[in-house]
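Chains as they are written, first to last, in this note's numbering: chain A, 60 to 236; chain B, 86 to 278.
The beta carbon of each residue, even a glycine, is placed where N, CA and C say it ideally should be.
Given the structure is predicted, the values throughout are model-derived calculations rather than measurements.
One structure is given below, encoded as C-alpha cells.
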C-alpha cells in the first residue's frame, strides 16, 4: 500500500503522530470504521494506553464518533470532512451513517488490508476505471456499473465499481483453481 | 496480476456473492489473467463459494477474438472507404480501441488479404481464435477476524467433554444406611444433650 506523503503531512498537521496519520489514511480510504484492536495491530502495540490516547484525541477533535456495541464493545466511525479532505477524498460516501451489516463488512475489509499492507490497492473509482480503460484499453461498457437518475429528467450518471470491494495488484500472485 | 475480492457479509446464503459475480461477469470474461479472493470471518461458505465462482466465471460469455477482428476489419474497410454515415458511436469507439489493440504486422497483412479476397472470413476467425491466449484464473479464500466478538451477544462458552461424568437419576439413595459423616457429629451430639 502506498501512503502519499502529502496526505500523511495533512493529517499530521491536524495534530496526529506519524503512526496515527498512517492508520487514519488506511481507515479513511478503505473502511471509515475501525476497532481499537485494529489500531493496536497496525502500530504493533500491546498496551491499551496508546489506543486510548488515540481515540481520545479523535473524539476530542470531533473527527470521529464512538459507536457502542453489545457488551460495551466500541467501534469508531471516522466521519470528519476534514480528515477526508486531508486524504483527498472529500466526496467519499464513507462519511455517512451505515447499517450494521455494512460495518461488519468494512471491519473485515480493514482486517484484510492490515494483514496485507504490502499489496497495492486501487483506492478510488477513477483509479479502477483508468486502469481498465486507460491501461488495458477496455471499454467502459464492460465494467460493473450502476446507473443513477439525476434530479433533472432523463439525466443519468453511470458509476463504476459501486460495491467498493477491494481490487488490487498483487505482484506475481497466481494460485491454481 | 489484478485481484478482485468479495467480503462475505455473514448471511446464510450466497445470493449476494452470486449477484456480485454476475455484475463482474463481462469484465472477467475479457481478462486473460486475474485472481479472486473470497474474504470471510467464517469458513462456512468457502467451498460453496469456490464452486459458485467456477460455475459463473466459466459460463461467462467470452468475447470471441475471431469475431472481434472481423468486426475491426469491416469497420476499418468502411472508414477507409469514407462511408462514415454507416458508422455509429459504438462502431467509432470500437474502431478507435481496435486500431490500438490490433496494431501489429500480422493483423495488417491479414486485413489486406481479407480485403483482396485472398483470405476468407472463416480463415481469419479460426486463426485469431487460435492465437488468443487462454484465460488463467485463480481463486482463494481468506479468513479474517472481522472484530466479530464486538457484535456477539455473549461470549460462547466452550464446555470440555473430557472427564465429564454423566449423571443418571437413581431410586436408591446416594449413601447407604450405615454411612455416618465424621464432621458435624460432635455438634449434633451436643445439641441432643
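Note to self: As a quick exercise: from 134(A), 88(A), 128(A), 191(A), pick the residue whose alpha carbon is nearest that of residue 97(A).
What the structure shows: What you label residue 97(A) is simply residue 38 of the first chain in a count that begins at 1. Ranking the options by Cα distance to residue 97(A), first place goes to 134(A).
Item checked: beta strand (DSSP E) segment containing residue 125(B), residue limits -> The residue you call residue 125(B) lines up with position 40 of the second chain. Residue 125(B) -> beta strand (DSSP E) spans 118 to 125.
Item checked: Under 8 Å from the C-beta of residue 236(B): neighbouring residues of chain A -> For the purposes of this step, residue 236(B) is identified with residue 151 of the second chain, where counting begins at 1. What residue 236(B) touches in chain A: 128, 129, 132, 159, 163.
Item checked: Three-state class that DSSP yields for residue 207(A) in the structure shown -> The residue labelled residue 207(A) in the question sits at position 148 within the first chain. Of the three classes helix, strand and coil, the one that applies to residue 207(A) here is strand, per DSSP.
Notebook entry, point to check: List, in order along the chain, the chain B residues whose C-beta lies closer than 7 Å to that of residue 96(A)?
Noted result: As a working mapping, residue 96(A) is identified with position 37 in the first chain. Residues of chain B passing the Cβ test: 232.
Next item on the list: Measure the C-alpha to C-alpha separation of residue 110(A) and residue 124(A) and round it to an integer number of angstroms.
Entry: The count along the first chain starts at 1 and reaches residue 110(A) at position 51. The count along the first chain starts at 1 and reaches residue 124(A) at position 65. For residue 110(A) and residue 124(A), the distance between alpha carbons rounds to 15 Å.
Notebook entry, point to check: Contact check, residue 190(B) vs residue 151(B) under 8 Å by CB: the rounded distance?
Noted result: Along the second chain, read from residue 1 onward, the residue named residue 190(B) stands at position 105. Along the second chain, read from residue 1 onward, the residue named residue 151(B) stands at position 66. The Cβ separation is near 19 Å, so there is no contact.
Notebook entry, point to check: Is the Cβ of residue 253(B) closer than 8 Å to any Cβ of chain A?
Noted result: Counted from its first residue, the second chain places residue 253(B) at position 168. Because residue 253(B) sits at a pLDDT of 44, beneath the cut-off of 50, its placement in the model cannot be relied upon, and the point is left open.
Notebook entry, point to check: What's the call for residue 132(B), buried or exposed, on a 16-neighbour Cβ count within 10 Å?
Noted result: As a first step, residue 132(B) must be located in the second chain, where it is residue number 47. Exposed.
Note to self: Could you check whether the Cβ of residue 217(B) sits closer than 8 Å to any Cβ belonging to chain A?
What the structure shows: In the second chain, the residue the question calls residue 217(B) occupies position 132. Not one chain A Cβ lies under 8 Å of residue 217(B).
Checklist line | C-alpha distance - residue 243(B) paired with residue 237(B), whole-angstrom precision | finding: Start at 1 with the first residue of the second chain, and residue 243(B) comes out as number 158. Start at 1 with the first residue of the second chain, and residue 237(B) comes out as number 152. Only weak support is given to the placement of residue 243(B): the predicted model assigns it a pLDDT of 48, under 50, and the question is left unresolved by the model.
Check: Between residue 137(A) and residue 70(A), which are expected to be in contact by the criterion C-beta below 8 Å, what is the C-beta distance as a whole number of angstroms?
Finding: Position 78 of the first chain, counting from 1, holds the residue named residue 137(A). Position 11 of the first chain, counting from 1, holds the residue named residue 70(A). Not a contact, Cβ separation roughly 11 Å.
Note to self: Just verifying my parser: in three-state terms, what is the DSSP assignment at residue 125(A)?
What the structure shows: Taking the first chain and counting its residues from 1, one reaches residue 125(A) at position 66. Of the three classes helix, strand and coil, the one that applies to residue 125(A) here is strand, per DSSP.
Notebook entry, point to check: Counting Cβ pairs closer than 8 Å, one from the segment 186 to 204 of chain A and one from the segment 161 to 171 of chain B, do we hit at least three?
Noted result: no
Next item on the list: State yes or no: is the beta carbon of residue 101(A) nearer than 8 Å to at least one beta carbon in chain B?
Entry: On the first chain, position 42 is the one that residue 101(A) refers to. So, not an interface residue.
Notebook entry, point to check: How close, in whole Å, do the beta carbons of residue 115(B) and residue 117(A) come, if the pair is a contact with beta carbons under 8 Å?
Noted result: Along the second chain, one-based indexing puts residue 115(B) at 30. Along the first chain, one-based indexing puts residue 117(A) at 58. At roughly 43 Å, the Cβ-Cβ gap does not stay under 8 Å, so residue 115(B) and residue 117(A) are not in contact.
Next item on the list: Consider the C-beta atom of residue 60(A) and the heavy atoms of the ligand NAP; say whether any pair is separated by less than 7 Å.
Entry: Ligands displayed in this structure: none; no statement on the ligand NAP is therefore possible.
Notebook entry, point to check: Considering only the beta carbon of each residue, do residue 80(A) and residue 142(A) sit closer than 8 Å?
Noted result: Counting from one through the first chain, the residue named residue 80(A) turns up at place 21. Counting from one through the first chain, the residue named residue 142(A) turns up at place 83. Not a contact, by the Cβ cut-off of 8 Å.
Next item on the list: Specify, as a first and last residue, the run of the alpha helix (DSSP H) that residue 135(A) falls within.
Entry: Along the first chain, one-based indexing puts residue 135(A) at 76. Here residue 135(A) belongs to no alpha helix (DSSP H); instead the beta strand (DSSP E) covers 133 to 137.
Next item on the list: Assign residue 165(A) to buried or exposed, taking buried as 16 or more other Cβ atoms, counted over all protein chains shown, within 10 Å of its Cβ.
Entry: One-based indexing of the first chain puts residue 165(A) at position 106. With 16 or more Cβ atoms within 10 Å of its Cβ, residue 165(A) is classed as buried.
Next item on the list: With 8 Å as the threshold, decide whether the Cβ of residue 182(B) is near any Cβ in chain A.
Entry: Against the second chain, residue 182(B) aligns to sequence position 97. It does; some Cβ of chain A falls within 8 Å.
Notebook entry, point to check: Got a sec: is the Cβ-Cβ distance from residue 61(A) to anything in chain B below 8 Å?
Noted result: On the first chain, position 2 is the one that residue 61(A) refers to. No, residue 61(A) lies away from the interface with chain B (no Cβ there is under 8 Å from its Cβ).
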